[in-house]
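J.: Below is one structure. I have some questions about it.
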Amino acid sequence: MEGSSMEFWHNGILTPDIDKTISFLNAASGTSRDIWTIMEAEFPQSKMTSGNGGILRIAFARIGGVVIELLQPLDDSSYHARVLKARGPGFHHNAYICEKNMDETLADLYAAGGRPVWEFLNGDEHACYVEAAGGDVVLEIINHCPFMPG
2 MEGSSMEFWH NGILTPDIDK TISFLNAASG TSRDIWTIME AEFPQSKMTS GNGGILRIAF
62 ARIGGVVIEL LQPLDDSSYH ARVLKARGPG FHHNAYICEK NMDETLADLY AAGGRPVWEF
122 LNGDEHACYV EAAGGDVVLE IINHCPFMPG
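Written out as structure tokens, the structure is:
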């Protein structure tokens with residue numbers, strides 16, 4: 002990935018209940034709920050090139066210098082709901098922003114044995130989960146950062 006410009010963005014965590022997870026993380030870190038940005042996001046199937054879209058409740062916060070993304074699937078047929086059911090709650094992915102040469106970066110990951118398991122294209126926005134051979138690591142590669150929590 003010599004030609005890519007990748008920057009670590011966040012750790013993604015799947016949860017069946019964002020509110021309970023936020024309460025637990027706040028208790029552990031001594032932070033409060035107001036550090037969290039919470040939203041719903043829809044990924045229509047028509048914008049997916051692999052994997053199932055769906056509706057997610059998403060929360061972002063910076064805790065201890067690291068951005069945490071919580072993902073709560075709101076429909077049972079989505080990629081995220083299937084992974085949550087199969088693997089249970091917990092860590093899902095590391096996310097990287099790749100503003101330059103995203104196609105090259107993805108090609109390098111595929112050449113190294115990765116495969117796209119969830120890919121979203123909407124105009125200029127491109128986000129892709131790449132799962133390593135064997136399924137033990139998932140990376141999210143996204144071409145721009147929607148926002149960065151303080």
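Per the numbering used here, the sequence shown starts with residue 2, numbered consecutively.
Ideal Cβ placement from N, Cα and C applies to all residues, glycine included.
Note that the structure is a prediction, hence the values are computed from the model and not measured.
Note down the Cα distance separating L122 from Y97, rounded to an integer number of angstroms.
T.: Indexing the sequence shown from 1 puts residue 122 at position 121. Indexing the sequence shown from 1 puts residue 97 at position 96. Spanning the two alpha carbons is a distance of roughly 16 Å.
J.: Put E120 into one of helix, strand or coil per three-state DSSP.
T.: Against the sequence shown, residue 120 aligns to sequence position 119. Three-state DSSP puts E120 in a strand.
J.: Are the beta-carbon atoms belonging to S47 and V118 less than 8 Å from one another?
T.: Taking the sequence shown and counting its residues from 1, the one referred to as residue 47 is at position 46. Taking the sequence shown and counting its residues from 1, the one referred to as residue 118 is at position 117. Result no, Cβ atoms of S47 and V118 do not sit closer than 8 Å.
J.: Sort T38, S6 and L75 by Cα distance to F44 and report the nearest one.
T.: By 1-based counting over the sequence shown, the position of residue 44 is 43. Comparing Cα positions, the closest option is L75.
J.: At 4 residues or longer, what runs of the alpha helix (DSSP H) sit wholly inside the region 66–94?
T.: Those alpha helix (DSSP H) runs which fall completely within the region 66–94 and span 4+ residues are 80–88.
J.: Quick one: using the 10 Å Cβ neighbour count with 16 as the cut-off for buried, is S24 buried or exposed?
T.: The residue you call residue 24 lines up with position 23 of the sequence shown. It counts as exposed.
J.: With DSSP as the reference, label A134 as helix, strand or coil.
T.: Counting from one through the sequence shown, the residue named residue 134 turns up at place 133. A134: coil per DSSP, three-state reduction.
J.: Can you say whether L80 is buried or exposed, counting buried as having 16 or more other CB atoms within 10 angstroms of its CB?
T.: Locating residue 80 in the sequence shown gives position 79, where the first residue counts as 1. Correcting the residue identity first, residue 80 is Tyr in this sequence and not Leu. Counting Cβ neighbours within 10 Å, Y80 comes out buried, since at least 16 surround it.
J.: Relative to the alpha-carbon of G13, which residue among E100, L140, H145 and C146 has its alpha-carbon at the smallest distance?
T.: Translated into the one-based positions of the sequence shown, residue 13 becomes position 12. Residue L140 is the option with its Cα nearest to G13.
J.: Can you give me the Cβ contacts of L110 inside the same chain, cut-off strictly under 6 Å, excluding the 5 residues immediately before and after it?
T.: Here residue 110 refers to the residue found at position 109 of the sequence shown. Cβ within range, chain order: V131.
J.: Residues in the same chain with beta-carbon distance under 6 Å from M2, minus the five sequence neighbours each way, listed in chain order, please.
T.: For the purposes of this step, residue 2 is taken as the residue at position 1 of the sequence shown. The pLDDT assigned to M2 is 45, lower than 50, so where the model puts this residue is not dependable, and the model offers no usable value.
J.: Distance, Cα to Cα, I143 vs G31?
T.: Stepping through the sequence shown from its first residue, residue 143 is reached at position 142. Stepping through the sequence shown from its first residue, residue 31 is reached at position 30. C-alpha of I143 to C-alpha of G31: approximately 30 Å in a straight line.
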